[in-house]
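What follows is a set of notes on a single structure, which appears directly below.
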């Protein structure tokens, strides 16, 4: 019995409605900066749209998708009703309230600070409170994922946690950790300044705290995709996962390596010591390991499926893959983009490049 059906649907509907609005804002931004339009004649409107676009794409969309996907995984893989359904709805409405608060403040021109909101730019306190509500709503999801897993393990002592739930909980723990940085920055530094309680703000410390969230949040977005790769893709193409253990290792490595890497965005900042910059550069490079493990495992999974369909040869099996299956095409294109994006990321995180 899928008791959380309406809850999951609500998360995805709101996520993709917000995503559609963000796409329109992005299209408008490209248009006003293109030769098809006169140069931006109202910078204020432009930066309002950039702030709204970034806020939705960085915080609202991935948070709602991860939450809804996580609730679905919990009930489907654990085969039991979601514990804390009312709390889950409370978290959802907190995210909605925070999104509307931040969006309205931005639309009124009171928060044109981009989604990074670096000081000394200060927005209306309502924008920051909106972001905090989104984060608090997501923390309810984190707690519920942990509670549901604990209850399942108590009812099934010695049983192996399903891989999808394993990755889901790892993703929730990653988000719990990485969201603390931006939340601390807002509550301790920015919100008091926005409310007029303080006259000065430590911009360097604010950047360090935001870097805590800035890069690791990318892996929070990535976790649901990797769960799909490891658990849904093999079944969709008529095969089986090459290695369940490899998937668990990859999720664990993401959780460990992606925590302390944000400072590689601050290589040019003088307030961060060279030693910390080097450590973060090294840890950022280590994040490539679970990605490479995933690429190997999923390609091996595809090869197994192709050979079950009669594929032969070192590369001849590629033709036997079910290319008419949307999942097959989606994962293929995702891996191609991951290759280009990952290579660019390894170049851009280079300590030597950023220090020069």
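Residue numbers (our numbering): 720 to 1075. Even glycine gets a Cβ: it sits at the ideal position worked out from N, Cα and C.
So, with DSSP's three-state summary, where would you put residue i?
| i | result |
| --- | --- |
| residue 924 | helix |
| residue 1058 | helix |
| residue 824 | helix |
| residue 1042 | coil |
| residue 953 | helix |
| residue 829 | coil |
| residue 842 | coil |
| residue 1025 | helix |
| residue 801 | coil |
| residue 768 | helix |
| residue 1063 | helix |
| residue 977 | coil |
| residue 1033 | coil |
| residue 963 | helix |
| residue 991 | coil |
| residue 867 | helix |
| residue 1083 | Shown here, the chain extends from 720 to 1075; a query on residue 1083 therefore has no answer. |
| residue 1068 | coil |
| residue 778 | helix |
Can you give me the C-alpha to C-alpha distance between residue i and residue j, rounded to a whole angstrom?
| i | j | result |
| --- | --- | --- |
| residue 1011 | residue 901 | 29 Å |
| residue 878 | residue 872 | 7 Å |
| residue 903 | residue 928 | 7 Å |
| residue 942 | residue 970 | 8 Å |
| residue 975 | residue 860 | 21 Å |
| residue 782 | residue 922 | 27 Å |
| residue 1058 | residue 729 | 33 Å |
| residue 1063 | residue 931 | 21 Å |
| residue 745 | residue 760 | 17 Å |
| residue 868 | residue 888 | 8 Å |
| residue 801 | residue 846 | 32 Å |
| residue 1013 | residue 773 | 28 Å |
| residue 939 | residue 977 | 9 Å |
| residue 771 | residue 936 | 18 Å |
| residue 968 | residue 1007 | 13 Å |
| residue 998 | residue 992 | 10 Å |
| residue 973 | residue 892 | 11 Å |
| residue 808 | residue 822 | 21 Å |
| residue 894 | residue 980 | 14 Å |
| residue 795 | residue 723 | 10 Å |
| residue 1000 | residue 1068 | 6 Å |
| residue 836 | residue 844 | 12 Å |
| residue 917 | residue 906 | 12 Å |
| residue 1060 | residue 874 | 42 Å |
| residue 898 | residue 848 | 14 Å |
| residue 1018 | residue 798 | 29 Å |
| residue 876 | residue 740 | 46 Å |
Can you have a look at residue i and say buried or exposed, based on whether 16 or more other CB atoms are within 10 angstroms of its CB?
| i | result |
| --- | --- |
| residue 767 | buried |
| residue 1055 | exposed |
| residue 952 | buried |
| residue 884 | buried |
| residue 909 | buried |
| residue 784 | buried |
| residue 838 | buried |
| residue 1042 | exposed |
| residue 996 | buried |
| residue 727 | buried |
| residue 743 | exposed |
| residue 832 | buried |
| residue 826 | exposed |
| residue 914 | exposed |
| residue 933 | buried |
| residue 1065 | exposed |
| residue 1036 | buried |
The ligand PLP and residue i: does the residue's C-beta get closer than 7 Å to at least one heavy atom of that ligand?
| i | result |
| --- | --- |
| residue 821 | For the structure depicted, the ligand PLP is absent and the ligand set is empty, with no information on it obtainable. |
Please return the same chain residues whose Cβ sits closer than 7 Å to the Cβ of residue i, not counting the five positions on each side in sequence.
| i | result |
| --- | --- |
| residue 828 | 763, 767 |
| residue 803 | 863, 866 |
| residue 733 | 783, 815 |
| residue 1039 | 1025, 1028, 1029, 1030 |
| residue 806 | 859, 863 |
| residue 912 | 841, 920 |
| residue 1023 | 958, 959, 961 |
Taking 6 Å as the limit between beta carbons, can you name the residues of its chain near residue i, skipping five residues before and five after?
| i | result |
| --- | --- |
| residue 793 | 801, 867 |
| residue 925 | 838, 904, 908 |
| residue 1052 | none |
| residue 1077 | Missing from the structure shown is residue 1077; the chain here goes from 720 to 1075 and no further. |
| residue 824 | 830, 843, 845, 846 |
| residue 963 | 882 |
Between residue i and chain D, is any beta-carbon pair separated by less than 8 Å?
| i | result |
| --- | --- |
| residue 1024 | Annotation note: the requested chain D is absent from the structure, which comprises a single protein chain. |
Taking 8 Å as the limit between beta carbons, can you name the residues of its chain near residue i, skipping five residues before and five after?
| i | result |
| --- | --- |
| residue 747 | 768 |
Query raised in the report: Using 8 Å as the threshold, is the stretch 779-797 in touch with the stretch 754-767, meaning 3 or more CB pairs across them?
Result: no
**Report entry** the stretch 938-958 touching the stretch 982-991, judged by at least three CB pairs closer than 8 Å
**Finding:** no
**Report entry** Three CB pairs or more closer than 8 Å across the stretch 852-862 and the stretch 775-783
**Finding:** yes
Query - Stretch pair the stretch 953-963 + the stretch 1042-1060: three plus CB contacts closer than 8 Å - result: yes
**Report entry** Touching by the beta-carbon criterion (3+ pairs, under 8 Å), the stretch 734-752 and the stretch 800-816
**Finding:** no
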